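Position in the sequence shown counted from 1, then plus 1, gives you the working numbering.
Beta carbons: idealized from backbone N, C-alpha and C, even for Gly.
These numbers were taken from a predicted model, which means no experiment stands behind them.
What follows is a set of notes on a single structure, which appears directly below.
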Amino acid sequence: PRESDDEAQAASGLLRWSRIVVNAAGLACFAAIALTGFYSYFMKGAAMTGYRLMVHVAAAPGFLVAAVAVAVFWAHRNRFTGAPADTIVLLRKLFFWAAAVLLAPTVVSILLAMYPVAGPDDQRDLFLVHRWCAMSFATAASLFGLFALLAWRKRRARG
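Printed below as a string of structure tokens:
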């Protein structure tokens, strides 16, 4: 029995560190993508080219892998069950699923725009879908992170 307890504790520790690494890597890639993407959006004359585009595109695969891992790690905790939840937890769940849903059109729209599937007008439309879904995703993901931190802080305060 003692050996299996040690193995379970080691597995639990590994899972905890995996979550920390995935969250940190995802946050770093998210920051790179958000900074490069929002810079181009808010600076009207600044097209995303050169180094900004390379950073944006280079960080995207790492971000996508981390986002999927975060979704897997957090999906069970963010289920909508019959059990009552306080407002903070309910908002965390709502923004988690909003971000999870918005991730798909954000990725698919820009992938379709990169390949010769669509004509120039359709590529522009796909880019706009990418832009608006990405901004909505960034908002939902940021609010999910905020409410996750608030829920964690509240849970720790209770002991």
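Among 113, 136, 15, nearest to residue 127 - alpha-carbon criterion: As a working note, residue 127 is residue 126 in the sequence shown. If we check each option's Cα against that of residue 127, 113 comes out closest.
Starting from residue 155, trace the alpha helix (DSSP H) in both directions and tell me its first and last residue. As a first step, residue 155 must be located in the sequence shown, where it is residue number 154. Note, residue 155: alpha helix (DSSP H), 121-159.
State buried or exposed for residue 129, treating a residue as buried only when at least 16 other CB atoms are found within 10 Å of its CB. What you label residue 129 is simply residue 128 of the sequence shown in a count that begins at 1. Looking at its Cβ environment, which holds fewer than 16 other Cβ atoms inside 10 Å, residue 129 is exposed.
Rounded separation between residue 23 and residue 149 - CA only: By one-based count along the sequence shown, residue 23 stands at place 22. By one-based count along the sequence shown, residue 149 stands at place 148. Residue 23 and residue 149: Cα-Cα distance of roughly 16 Å.
Residue 57 lies in the alpha helix (DSSP H); which residues open and close that run? Against the sequence shown, residue 57 aligns to sequence position 56. Where residue 57 is concerned, the enclosing alpha helix (DSSP H) stretches over 51-76.
Sorted by chain position, which residues of the same chain lie with C-beta nearer than 7 Å to residue 34's C-beta, five sequence neighbours on each side aside? As a working mapping, residue 34 is identified with position 33 in the sequence shown. Closer than 7 Å at the Cβ level, and outside the excluded window around residue 34, lie 57, 60, 61, 64.
For the candidate residues 27, 98, 88, 67, whose alpha-carbon lies nearest to that of residue 77? As a working mapping, residue 77 is identified with position 76 in the sequence shown. Nearest option by C-alpha distance: 98.
Pull up the CB-CB distance for residue 141 and residue 103, whole angstroms please, since I reckon it's below 8 Å. Along the sequence shown, one-based indexing puts residue 141 at 140. Along the sequence shown, one-based indexing puts residue 103 at 102. At roughly 6 Å, the Cβ-Cβ gap stays under 8 Å, so residue 141 and residue 103 are in contact.
Which of helix, strand or coil DSSP assigns to residue 45: One-based indexing of the sequence shown puts residue 45 at position 44. Correct three-state label for residue 45: coil.
Buried versus exposed, by CB contacts within 10 Å (16 or more), residue 10: Indexing the sequence shown from 1 puts residue 10 at position 9. Result: exposed.
Coarse secondary structure for residue 117, derived from DSSP in three states: Against the sequence shown, residue 117 aligns to sequence position 116. Looking at residue 117 - three-state DSSP - the assignment turns out to be coil, as it is neither helix nor strand.
May I ask you to report which of helix, strand or coil DSSP gives residue 38? Within the sequence shown, the letter at position 37 stands for residue 38. Reduced to three states, the DSSP call for residue 38 is helix.
C-alpha gap between residue 116 and residue 44, whole angstroms: Here the question's residue 116 lines up with position 115 in the sequence shown. Here the question's residue 44 lines up with position 43 in the sequence shown. Rounded to whole angstroms, residue 116 to residue 44 spans 27 Å at the Cα level.
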